[in-house]
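There are 2 protein chains.
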Amino acid sequence: MKKISLKTIANELGVSSATVSLVLNGKDKNGRVSKELSKKILEKAAELNYIPNTLAKSLKVGKSNTIGLIIADISNIFFGTLALYIQNFAQQKGYTVIIGNTNENLNEMELVINFLSSRQVDGFIITPTEKSQDLLNKLTLNNIPLVLVDRTFPELNVNSVMINNYEISYKATEQLIKKGCKNIGVISYKQDHYHVNERKRGAIEALKNFGIFYPENIKEVRYNHLSEDISEAIDKMINNNPKIDGIFFTTNSISINGVKSLIKNNIVIQKDIQITCFDENDAFYILPYSIPFIKQPIKEIARRATDMLIEQIEDKKNEVNRIVLDSELVVNDLNN
Amino acid sequence: MKKISLKTIANELGVSSATVSLVLNGKDKNGRVSKELSKKILEKAAELNYIPNTLAKSLKVGKSNTIGLIIADISNIFFGTLALYIQNFAQQKGYTVIIGNTNENLNEMELVINFLSSRQVDGFIITPTEKSQDLLNKLTLNNIPLVLVDRTFPELNVNSVMINNYEISYKATEQLIKKGCKNIGVISYKQDHYHVNERKRGAIEALKNFGIFYPENIKEVRYNHLSEDISEAIDKMINNNPKIDGIFFTTNSISINGVKSLIKNNIVIQKDIQITCFDENDAFYILPYSIPFIKQPIKEIARRATDMLIEQIEDKKNEVNRIVLDSELVVNDLNN
DNA sequence: CTGAAAGCGCTTACAG
DNA sequence: CTGAAAGCGCTTACAG
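So the protein sequences, as listed, match chains A and B. First residue of the first sequence? That's 1 in the UniProt record's numbering, and the numbers climb one at a time after it. First residue of the second sequence? That's 1 in the UniProt record's numbering, and the numbers climb one at a time after it.
What follows is the structure in structure tokens.
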């Protein structure tokens, strides 16, 4: 089967491909093309089942209607959901999304940026890895539309969509305190990430304000040795003296592993130890008790990031927006 | 900043862009281009940070190195994981993946096929929706490389990667019987999907062989009314007389909802009722008892599908392959 | 060993 | 109202 191009249609009808292009793109307003010819062209296109070659169009007009979405770890359910929503919103606006994965690795981030650039993406939505400031700077210097999500570098003058990490973490910790916990642990990542450190800072601030901040209760685990480090941290916490009676987990992946580790140690959650998690998890609904968690407005994050990027692409706006969305502390959601 | 093209490099060096193209693509073997010139070109390209325009290349050579991946429901963790792996394998082989979502809807499947076709994908990996035979047929008639995954239509002569749905479902049911269950329920989809019906058939066959097949124990739920229909099915099952003492859930989404529903009804799983689920779930590791589940070789499915498609794209092979992979019944995986 | 030319399938001034 | 021409950035015969 031969590919059907504009020219095929033009030839069959004995008109120029320019005219066909005009009609098929709806640019034949105010009498540019006669009604009859226009109708014939439309019919012929339908008959031949013409599908335009987007590549050629993109090349010509210098715009691909494609967004590069760079995710730190696509296997993480939080990022997966985020990607899904971004994809949906982008599609509604006529954009294709190409997803790249960095595995939290700076080199891979550079590779994936180049890869997507060669694919002529019109802009990027990125969850940046540690130490990627220079890479991001290069993009903005080249006037490439860019929005950071979930994470940011406060020193960079770049669009971002974040949640209120500090405040919500303060609140989550405060909630443990109000439940009566007197010796609260925090498990966070040993990372140079602003958003994670804001979460840690919020928790510590709450502990300090209530006079129960003990530095040794703040544990930091490595991203690449997550389950071992968490096991170790939990181990120390439950053998602590006085015993830990509450734990705040600062991320999705830490929460899951933390809960697994507690259960493995036969800790009865919400009785022996109160916990609060970051991000929702299916598993929470299956447990016989309610686990408080911080619910991020993922859909809203996706919507705002997509809108912001597309606006930037289409209007070439130069002002920088930093959006901070509220997240929610869900305390009693068991019967959902 | 001006875009750097082949021509930029050629002009700066006073050579033709053809030569630059040859060198940059490593096609300057056996003395096509002199060592010195070749070196100069490479250096200049690096200096200018040249990024080739893949769109232009694709247009010229008539191949985009892009795969269209059409998923029925990207928010389902099974498909999400599958997409992740396919993406990874494809990338290793130099292909980009563009994902489309059908929401199990035939019309959306047609739209997404057209959308991806206009993007000039070289081929498709598809989890087809119900009644999409004609759509698939059209693709194969047009010689468009195609691989079905997870699902297939046995009457169609098309590549596919499946698991042994019938056999593993038989085995899963048999296992419940051997545990002593005498009155086993099956919850499956009311769908015209071969793979799901094979699962149901396997379960029924086992029940028949052991003389405990009771038609009223086989429940079918609607995809679009999943949680209500499951609630209703579970409700009937636990109020059955004699009581149901075992349930086999035939898909991932049914399993999760089924477990939630049982817990909501204060059923003590694995004591009041034995269950077996399709697909692994994080939640299972958090429960204080072990839930047997069927573990699909997702990574292997992804690898085989990607390999098969790329082979077809590059060799234009015409033989049809139907791969059936073994899945595993995991019975005692609690201490993982 | 290197260059000039054609062409992939489009769109967009421009001319008439 | 419609067409001819140029050009987006590449690659690939072909010529020398």
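Where a beta carbon is used, it is the ideal one built from N, C-alpha and C, also for glycine.
Which term fits residue i, buried or exposed, when burial requires 16 or more other beta carbons within 10 angstroms of its beta carbon?
i	result
E155 (chain A)	exposed
G202 (chain B)	buried
A61 (chain B)	For the sequence presented, residue 61 (chain B) should be read as Val rather than Ala. Burial call: exposed.
L148 (chain B)	buried
L16 (chain A)	One detail in the question is off: residue 16 (chain A) reads as Ser in this sequence, not Leu. With fewer than 16 Cβ atoms within 10 Å of its Cβ, S16 (chain A) is classed as exposed.
residue 342 (chain A)	There is no way to answer for residue 342 (chain A), as the model of chain A reaches only from 1 to 336.
I36 (chain A)	Just to set this straight, residue 36 (chain A) is Glu in the shown sequence, not Ile. Classification for E36 (chain A): exposed.
H225 (chain A)	exposed
V221 (chain A)	buried
L141 (chain B)	exposed
P215 (chain B)	exposed
S34 (chain B)	exposed
E130 (chain B)	buried
V320 (chain B)	exposed
G258 (chain A)	buried
G80 (chain B)	buried
E198 (chain B)	buried
K317 (chain A)	exposed
V268 (chain B)	exposed
N25 (chain A)	exposed
R151 (chain A)	buried
D192 (chain B)	exposed
Can you name the start and end residues of the alpha helix (DSSP H) that residue i belongs to?
i	result
K39 (chain A)	35-48
L69 (chain B)	First-last for L69 (chain B): 66-71, but that is the beta strand (DSSP E), not the alpha helix (DSSP H).
L24 (chain A)	17-24
I254 (chain B)	252-264
E12 (chain B)	6-13
T54 (chain A)	54-61
L111 (chain A)	106-118
Q270 (chain A)	Run containing Q270 (chain A): none; DSSP gives neither H nor E here.
I want to see whether chain B comes within less than 8 Å of residue i, judged by CB atoms only; does it?
i	result
I247 (chain A)	no
Q274 (chain A)	no
Y223 (chain A)	no
N105 (chain A)	no
residue 344 (chain A)	The requested residue 344 (chain A) does not occur in the structure, where chain A is confined to residues 1 to 336.
V259 (chain A)	yes
N332 (chain A)	no
P52 (chain A)	yes
N252 (chain A)	no
Q87 (chain A)	yes
I313 (chain A)	no
N281 (chain A)	yes
Y285 (chain A)	yes
Any Cβ of chain A within less than 8 Å of the Cβ of residue i?
i	result
N114 (chain B)	yes
R322 (chain B)	no
T127 (chain B)	no
T306 (chain B)	no
G80 (chain B)	yes
L48 (chain B)	no
D235 (chain B)	no
Q120 (chain B)	yes
I74 (chain B)	yes
L42 (chain B)	no
L13 (chain B)	no
A302 (chain B)	no
Could you please give the first and the last residue of the uninterrupted beta strand (DSSP E) stretch that includes residue i?
i	result
F278 (chain B)	274-278
I301 (chain A)	From DSSP, I301 (chain A) is part of no beta strand (DSSP E) but of the alpha helix (DSSP H) over 298-315.
A249 (chain B)	This sequence places Phe at residue 249 (chain B); Ala is not what is there. Start and end: 246-249.
I126 (chain B)	123-126
I323 (chain B)	322-325
G100 (chain A)	96-101
F293 (chain B)	293-295
V330 (chain A)	328-330
Report whether the distance from the Cβ of residue i to the nearest heavy atom of the ligand HEM is below 7 Å.
i	result
N49 (chain A)	The ligand HEM is absent from the structure shown, which contains no ligands of any kind.
- Note down, one range per segment and in chain order, each alpha helix (DSSP H) of at least 4 residues found wholly within the segment 140-225 of chain B. 165-178, 194-209
- Query: Are at least three pairs of beta-carbons, each pair with one atom in the segment 244-256 of chain A and one in the segment 174-191 of chain A, less than 8 Å apart?
  - Reply: yes
- Task: Answer yes if the segment 167-179 of chain A comes into contact with the segment 234-244 of chain A, meaning at least three C-beta pairs across the two stretches below 8 Å, and no otherwise.
- Result: no
- Query: Is there contact between the segment 61-81 of chain A and the segment 95-115 of chain A, where contact requires at least three CB pairs shorter than 8 Å?
  - Reply: yes
- the segment 37-52 of chain B in contact with the segment 72-81 of chain B per 3-pair CB rule at 8 Å: no
- Three or more C-beta pairs closer than 8 Å, one from the segment 109-126 of chain B and one from the segment 49-61 of chain A: is that the case here? yes
- Task: Would you be able to state if there are at least three C-beta pairs under 8 Å between the segment 300-320 of chain B and the segment 264-276 of chain B?
- Result: no
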